[in-house]
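Which chain is which? The protein sequence lines are A and B, in order.
Residue 117 in the numbering used here sits at position 117 of the first sequence, with consecutive numbering throughout.
Numbering-wise, the numbering used here comes out as the position in the second sequence, counting from 1, plus 1000.
Number of protein chains: 2
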Amino acid sequence: MEAAALARLSLPGVGVGGGGGGGGGGVAFPVSRGRLLAVKEKKKQQLHAPISASTSASASASASASASASASASAGNEEALRYDSKVETLLDSVKWDNKGLVVAIAQNVDTGAILMQGFANREALATTILSRKATFFSRSRSSLWTKGETSKNFINVLDIFLDCDRDSIIYLGKPDGPTCHTGAETCYYSSVHDQLEGPKPNQDWLAATTLQSLEATISRRKEEIEEAQNRKPSWTKKLLLDKELLCSKVREEAGELVQTLLEGEDRSRTASEMADLLYHSMVLLTAKDVKIEEVLEVLRRRFARSGIEEKNSRK
Amino acid sequence: MEAAALARLSLPGVGVGGGGGGGGGGVAFPVSRGRLLAVKEKKKQQLHAPISASTSASASASASASASASASASAGNEEALRYDSKVETLLDSVKWDNKGLVVAIAQNVDTGAILMQGFANREALATTILSRKATFFSRSRSSLWTKGETSKNFINVLDIFLDCDRDSIIYLGKPDGPTCHTGAETCYYSSVHDQLEGPKPNQDWLAATTLQSLEATISRRKEEIEEAQNRKPSWTKKLLLDKELLCSKVREEAGELVQTLLEGEDRSRTASEMADLLYHSMVLLTAKDVKIEEVLEVLRRRFARSGIEEKNSRK
């Protein structure tokens, strides 16, 4: 993400709707309460209307456009009108299927976890753009629904990505809490590997990326320490039990990483030493009950206002 | 990921098909060449067959089951038979839609990047389980296709996750190269934010998570250094231009992180210092042209064989 692009966040008319709050920092859309209300009003009107079965949803599109445009015009905001027109152009460029839908995937911007997958129609995407809350079209209930409208666990959308075919979208955002109705962080907790190879070793086996998997293992080592065991403790447990050892290892690994640069060592050594540093500092995070997601959120927030660079350039 | 579960990888009859290779390490399915060939044979037979339009694909399921089962039986492998039966049970548990499909999302296990999204029918999922290459059902061509069969950029699948409704799956894996036919790392490179707020500042604006975004920005700072500029360099540029400064900062930040544990500082301090350490060490990685993905791959590989713990417990 380019700092210049991120700096464009504070546009006039920005007013993020209530609820949530975990989503600040990073890329975001300007939100106009007027436009959002217009979309919500439209949503009420269309709730029981049949969905267009044609590939083009242009009829409902222009209706939605004019509703939205007139709301903005009454606010006398030319910029808002231009923005609405851009939203319409964007909605027109999406390749809706014969039911007027595209696949919509919600992803946690910090951890990369895929939280859930649903479908979006033109109205759902427009609502997500304007409200910044991940919104889908329920095929079973034939209605819009915003994730979190019942649970209050909204997904605060920072950016939306379209794929090369423009028929699949990602809502990249920050969830306020667990996304799955079961209380799990993500809806994807059934591992095919587990089902084929044996029973689940743990309930928290999610579709986790490498960093989250490593964190989960370190956390389990910490839990196991409390269940006193006779067998030789693992290296992770040793580190968790001995603060001095852990701290000296973090310092040592930082020194070894630095050496690879100063002494022009092979780049594979750099990757290996960075892996060591990352692992040992993640053990320290676990010792302090800090999640890597919190660290990434700190980075994202600083980064959004180019805080790291700004703070340090003043030194 | 639990080390015990990861250790189950080396099962009898494992023989990963040719091609690719970047996928090693981490969770994986046992692959039987016999079973895979049976599935491929079945695939040829069914290529021009109509897709079942009923919600249950049980007819083609049992056909596929018996083809697969007989191939295994000829190998006289009871374990393989049990495995096949488990695969069938699993395929039966998926909630295929009225076209016999589910949404299938391919995700990079290390970076968390969503690479592409397609659809899978029963045969595509079975093929992916057995071949460990992400395989989809093309709705336009009405045929199976394995990502990479033309480009050789396979997605080597390490595990598959089903969502709570069992109608959406993640192929969690490691790509051999760029996934998108445009040559982009992922198919999701069109940012709605960019389209609404202004032109793309860079071509490499992908649906990137926080860590990848930070890395991209640091890389751009490095490129900008080469394009000599008169304005005051950013902090990142200063670090990239001054090895000694960069190295002393990495050591300093490691020391500050360690202090938060030793002196029982607030956990928000720990998150903040870890963010500093991560940022500065990522600048070092960029200076050495090492991608964070390479570091994560090192961690995953060690982790899969519990290498970190094993190596260190011997010390």
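All residues carry an ideal CB built from backbone N, CA and C; glycine is no exception.
What you are looking at is a predicted structure, and each value in this text was computed from that prediction instead of being measured.
Buried versus exposed, by CB contacts within 10 Å (16 or more), residue i
i: B:ASP1163; result: buried
i: A:THR186; result: buried
i: A:HIS181; result: exposed
i: B:SER1234; result: buried
i: B:ARG1300; result: buried
i: A:THR150; result: exposed
i: B:ASP1176; result: buried
i: A:ASN98; result: exposed
i: B:LYS1288; result: buried
i: A:GLN45; result: The predicted model places A:GLN45 with a pLDDT of 43, which falls under 50 and marks its position as unreliable, so this point remains unresolved.
i: B:LYS1174; result: buried
i: B:SER1140; result: exposed
i: B:SER1168; result: buried
i: B:GLU1227; result: exposed
i: B:GLY1118; result: buried
i: A:GLU253; result: buried
i: A:SER190; result: buried
Residue j beta carbon less than 8 angstroms from that of residue i
i: B:LEU1090; j: B:GLU1123; result: no
i: A:ALA104; j: A:TYR171; result: yes
i: B:ARG1166; j: B:LYS1095; result: yes
i: B:THR1111; j: B:GLU1293; result: yes
i: B:THR1270; j: B:LEU1262; result: no
i: A:GLY255; j: B:ARG1251; result: yes
i: B:SER975; j: A:VAL109; result: Outside the modelled stretch of chain B, which goes from 1001 to 1315, sits residue 975 of chain B, for which no answer is possible.
i: A:LYS316; j: A:LEU245; result: Residue 316 of chain A is absent from the structure shown; chain A starts at 1 and stops at 315.
i: A:VAL316; j: B:ARG1267; result: This structure cannot speak to residue 316 of chain A, because chain A is shown only from 1 to 315.
Residue i versus residue j: straight-line alpha-carbon distance, rounded
i: B:LEU1285; j: A:ILE160; result: 29 angstroms
i: A:LEU296; j: B:LEU1277; result: 12 angstroms
i: A:PHE154; j: A:MET116; result: 12 angstroms
i: B:SER1131; j: B:GLU1088; result: 16 angstroms
i: A:GLN195; j: A:GLN212; result: 21 angstroms
i: A:HIS280; j: A:LYS249; result: 7 angstroms
i: A:THR317; j: A:ASP84; result: Absent from the model: residue 317 of chain A. The displayed extent of chain A is 1 to 315, so no value can be given.
i: B:MET1282; j: B:GLU1215; result: 7 angstroms
i: A:THR127; j: B:PHE1137; result: 31 angstroms
i: B:ARG1082; j: B:GLY1100; result: 25 angstroms
i: A:THR209; j: A:LEU158; result: 21 angstroms
i: B:LEU1241; j: A:ASN121; result: 49 angstroms
i: A:CYS247; j: A:GLU78; result: 58 angstroms
i: B:GLU1224; j: B:LYS1232; result: 12 angstroms
i: A:THR146; j: A:ALA80; result: 24 angstroms
i: B:ARG1302; j: A:SER219; result: 17 angstroms
i: A:SER93; j: B:GLY1264; result: 54 angstroms
i: B:TYR1403; j: A:THR179; result: Lying outside 1001 to 1315, the shown extent of chain B, residue 1403 of chain B is not represented and no answer is given.
i: A:GLU197; j: B:VAL1102; result: 23 angstroms
i: A:ILE129; j: B:GLY1183; result: 28 angstroms
i: A:GLY24; j: B:SER1142; result: In this predicted model, A:GLY24 has a pLDDT of only 41, less than 50, meaning its place in the structure is not dependable; the value taken from the coordinates is given anyway. Roughly 43 angstroms separates the two Cα atoms.
i: A:LEU125; j: B:GLN1259; result: 46 angstroms
i: B:GLU1086; j: B:ASN1156; result: The identity of residue 1086 of chain B in the sequence shown is Lys, whereas the question assumes Glu. So the two alpha carbons sit approximately 22 angstroms from each other.
i: A:LYS243; j: A:LYS152; result: 39 angstroms
Heavy atom of the ligand PLP within 7 angstroms of residue i beta-carbon
i: A:LEU257; result: Of the ligands one can find in the structure shown there are none, so the ligand PLP has no counterpart to examine.
Assumed close pair residue i, residue j - CB separation to whole angstroms, cut-off 8 angstroms
i: A:ALA134; j: A:ALA113; result: About 14 angstroms separates the two Cβ atoms, so there is no contact after all.
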